[in-house]
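Reading through the structure tokens given below for one structure.
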Amino acid sequence: MTELTEEKVADEKVWSQGFIKGMTEEGEQLSEINPETGPLGGSAAKAHSHGDSHGGGVGIPDSSRAGRLTSYKMADFPLITGREEDWRFTPLKRLRGLDRVGVKGQEINGAPPSVEVSSPDGVIVETVGRSDARIGRAGIPEDRVSAAAWEHFAEATVVTLPAEYAGTSENVTTLTLTGQGVSPAASHIVVHAKKFATGVVVLDHRGTAVLSENVEILVEDGANLTVVSIQDWNDDSVHASAHHILVGRDAKVNHVVINLGGDLLRTTPSARYSGTGAEVEMYGLYFADAGQHLEQRLFVDHATNNCKSRVVYKGALQGDGAHAVWIGDVLIRKQAEGTDTYEMNRNLILTQGARADSVPNLEIETGMIKGAGHASATGRFDDEQLFYLQARGIPEDVARRLVVRGFLNEVIQHIKVPALEKRLRDAVERELAAGTV
Amino acid sequence: MSTLEIKDLHVSIETEQGTKPILKGVSLTINTGETHAIMGPNGSGKSTLASTIAGHPRYLVVGGSITLDGEDVLAMSVDKRARAGLFLAMQYPVEIPGVTMTNFLRTAKTAIDGEAPKLRTWTKDVKAAMAQLRIEPEFAERNVNEGFSGGEKKRHEILQLELLKPKFAILDETDSGLDVDALKVVSEGVNRSIEAGGLGTLLITHYTRILRYIKPDFVHVFIDGHIAEQGGSELADRLEDEGYDRYLAAAPASA
């Protein structure tokens, strides 16, 4: 694996603070809660393969996204130890059993979130059984937690935008998913935009849940779909959510992840292309408070030519033990000529005691591309910025909000659903008011 | 008329080697309508005085007082000082990503005045002030100081001076790093504020160059944390010819 982090800018003041245990110069670290032994993400990953065209780690599943195991069957995945590349940042003990389904009688049979539907005319929302033919077309689980949910969900919710359906940002389909408590539960959602359909689908997660969820997002040729997944759970919630995105020829998907509330959120969107000329935009916004673990792991798999991807994730962190993880994997396969990709992650650390891990990974198997780049930066809230604003008469609390709002606004602007933008701005205000900021 | 009075000010900073005294008894009285220049070699404490007046947390006041019309400035927070009428044009203005100049200026104006400015006149004022300082209109939508050149940053400091209309402006080496053209533009801006009346100016500079464009009523020479000599604008002319050497020779050992 080629792990490029040349644009990684770390405010030295942050890293020199004593609260980050075992931080290395590369910003790599096992989750404190997991055993601190073993190689970081597989032996091949550790031996960085810069410039070695044969170093892609064929046969070593951990070392390249191309080689990572996918399966609908939980049993195909080995037990999670916390030492895997995929799990090294996740505090497994806080997953409340989602990682140990099938071990020592651990079950995943709690009631899944209730689904309340608000949809415009023309959009079809159904509840279907496991055997429905529309399930399993957009992707295959890439980790044990996702596979466990896939094996155990009872019913799926299928949202269909019919062919040539013309939705707008004003007539949005919203699934309000309300958690039913702390028994580990599995759920399954399919969002299907048929040929040339356009529209917006919002998945709004609330309440209390310990949930493993698979979301299939199937975008057929020429369709233009926006999916916004909001995780605004109660504080005691745990949510692992795997989004499987498959984009057809000349189709476009705008994928937005908003991670706000919950004890541990792990969102893993993977985007794949089934045709040429398609475009994927992935935006993310997260706000980690004291004790929260918010992890987002993305994968864009460029396997067809002339496709485009853009990833922008921004997060703010405040309070003791606030932890955000962003991993952005992009793979450009040999046949994906004309690929144009860029991914970016920015973290703003507002107080001491918070920590952000940010790792962009780019694997390129062909030189015949339009562009490939990435950037990652983590910075502290700067006292000099505060002084500057205050020296212009702006009170401290207003000054802090001004900076944080400005920082997160870049993502909010991209959602392009007016009602949601307002709600998210309010949510950011609430987070700021709740914190020490 | 307002008066900014600094009496026997002692200021230290914390360093790795311990507490280091920077200002060692500075007394200075500035009235609105007056322009004072503070000159001195590097490390003499000029910028410390500026930052201390504005309330930068790095500087520790260990003795003396600063009052504005009798009110204790040292007891005020940084933002309260600004609202009381003090303005510091920074030597190194910081970048603030994600906050546009437009948003920043309006927020600052609202904070200083205690009410939001009337949108129509405000927009016009901002545009006019920007034009006079030869700032391209596109800067209004750019983030505060982000990617600005040194000269652009200084012009934006003066833009804020003109729009926020303080009682006292402390210009901390606003002239350093400017070419002659930019220096003229910036000086014109300062002079406009002075001519508008009601402004006391404390012009901190290493060079005499800016004093050709902004005429000081009083010149104070800073050496090693205190005022070594005071005079009228003729003192600046003398400094231009002679430099600071004769003061430094008279202040041995402590440097």
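Those protein sequence lines, which keep their order, are chains A and B.
Per full-length UniProt numbering, the first sequence starts with residue 1, numbered consecutively.
Per full-length UniProt numbering, the second sequence starts with residue 1, numbered consecutively.
Glycine included, every Cβ here is placed at the ideal spot set by N, Cα and C.
For this session: For the alpha helix (DSSP H) holding LYS184 (chain B), just list the boundary residues, first then last.
Result: 180 to 195
Exercise. Quick one: does ALA54 (chain B) have its CB under 7 angstroms from some CB of chain A?
Worked result: yes
Problem set entry | Rounded separation between ARG68 (chain A) and GLY328 (chain A) - CA only | 15 angstroms
Exercise. Would you say GLY167 (chain A) and LYS195 (chain A) are within 7 angstroms of each other, going by their C-beta atoms?
Worked result: no
For this session: Quickly, what does DSSP pair MET39 (chain B) with across the bridge? List them, please.
Result: B:THR205 and B:VAL221
Exercise. Applying a beta-carbon distance threshold of less than 8 angstroms, which residues of chain A neighbour GLN230 (chain B)?
Worked result: Those within 8 angstroms of GLN230 (chain B) in chain A number zero; the least Cβ separation is about 27 angstroms.
For this session: Below 6 angstroms CB to CB, which residues in the same chain sit around VAL158 (chain A) once its five sequence neighbours on both sides are set aside?
Result: GLU126, VAL128, ARG134 and VAL190
For this session: Compute the Euclidean distance between the alpha carbons of GLU170 (chain A) and ARG310 (chain A), then round it to the nearest angstrom.
Result: 24 angstroms
Exercise. What are the boundary residues of the alpha helix (DSSP H) that includes GLN413 (chain A)?
Worked result: 396 to 415
Exercise. Excluding sequence positions up to five away, which residues of its chain have a Cβ less than 6 angstroms from the Cβ of GLY371 (chain A)?
Worked result: ASP340
For this session: Reducing DSSP to helix, strand and coil, say where residue 266 (chain B) ends up.
Result: There is no way to answer for residue 266 (chain B), as the model of chain B reaches only from 1 to 255.
Problem set entry | Distance between ASN109 (chain A) and ILE394 (chain A) (C-alpha atoms, nearest Å) | 53 angstroms
For this session: Could you work out which residues of chain B lie near GLU410 (chain A), taking near to mean beta carbons separated by less than 8 angstroms?
Result: GLY98
Exercise. Listed from N- to C-terminal order along the chain, which residues in the region 109 to 142 of chain B have their beta-carbon within a distance smaller than 8 angstroms of any beta-carbon of chain A?
Worked result: ALA111 and ILE112
Problem set entry | For GLY67 (chain A), three-class secondary structure by DSSP | helix
Problem set entry | Cβ-based burial, TYR207 (chain B) [other Cβ within 10 Å; buried from 16] | exposed
Exercise. With 16 as the cutoff for other CB atoms within 10 Å, does LEU235 (chain B) come out buried or exposed?
Worked result: buried
Exercise. For a contact meaning CB atoms closer than 9 angstroms, what does PRO93 (chain B) contact in chain A?
Worked result: TYR388
Exercise. Expressed to the nearest angstrom, what Euclidean distance is found between the alpha-carbon atoms of GLY261 (chain A) and GLU279 (chain A)?
Worked result: 30 angstroms
Exercise. Any beta-carbon of chain A closer than 7 angstroms to the one on VAL185 (chain B)?
Worked result: no
Exercise. Can you pull the DSSP bridge partners for GLU343 (chain A)?
Worked result: A:VAL311 and A:HIS374
Exercise. Under the rule that 16 or more other beta-carbon atoms within 10 Å means buried, what is residue 336 (chain B), buried or exposed?
Worked result: A query on residue 336 (chain B) cannot be resolved here, the shown segment of chain B reaching from 1 to 255 and no further.
Exercise. Quick one: does PHE407 (chain A) have its CB under 7 angstroms from some CB of chain B?
Worked result: yes
For this session: Let me know if LYS422 (chain A) comes out buried or exposed under the rule of 16 or more other beta-carbons within 10 Å of its beta-carbon.
Result: exposed
Exercise. Of the choices A:TYR165, A:LYS73, A:ASP204 and A:PRO184, whose alpha-carbon is the least far from that of THR178 (chain A)?
Worked result: A:ASP204
Exercise. Is GLN318 (chain A) close to chain B, meaning its C-beta is less than 7 angstroms from at least one C-beta of that chain?
Worked result: no
Exercise. In chain order, what residues of the region 159 to 177 of chain B put their CB closer than 8 angstroms to some CB of chain A?
Worked result: GLN160 and LEU164
Exercise. So, LEU408 (chain A) versus LYS314 (chain A), is the Cβ gap smaller than 7 angstroms?
Worked result: yes
For this session: Alpha carbon to alpha carbon, how far is GLY319 (chain A) from ASN347 (chain A)? Give it in angstroms, no decimals.
Result: 14 angstroms
For this session: Verify the CB distance criterion: does ARG155 (chain B) have a CB-CB separation below 7 angstroms to chain A?
Result: no
Problem set entry | Close beta carbons around LEU265 (chain A), own chain, < 6 angstroms, minus the five adjacent residues each side | GLN231, HIS239, ASN259 and LEU294
Problem set entry | In chain order, each beta strand (DSSP E) run of at least 3 residues that lies wholly inside the region 63 to 143 of chain A | 114 to 118 and 124 to 129
Exercise. SER53 (chain A) by DSSP, collapsed to three states: which one?
Worked result: Only weak support exists for where SER53 (chain A) lies, its pLDDT of 37 falling under 50; the value from the coordinates is given anyway. The answer is coil: DSSP assigns SER53 (chain A) none of H, G, I, E or B.
For this session: Excluding the 5 residues preceding and the 5 following LYS7 (chain B) in the sequence, name in chain order all residues of the same chain whose CB lies nearer than 6 angstroms to its CB.
Result: SER27, GLY64 and SER65
Exercise. Tell me, which residues are paired with THR19 (chain B) by DSSP?
Worked result: B:GLU14
Exercise. Going along chain B in order, which residues have a C-beta closer than 7 angstroms to the C-beta of ALA391 (chain A)?
Worked result: ALA54, VAL78, ALA82 and LEU88
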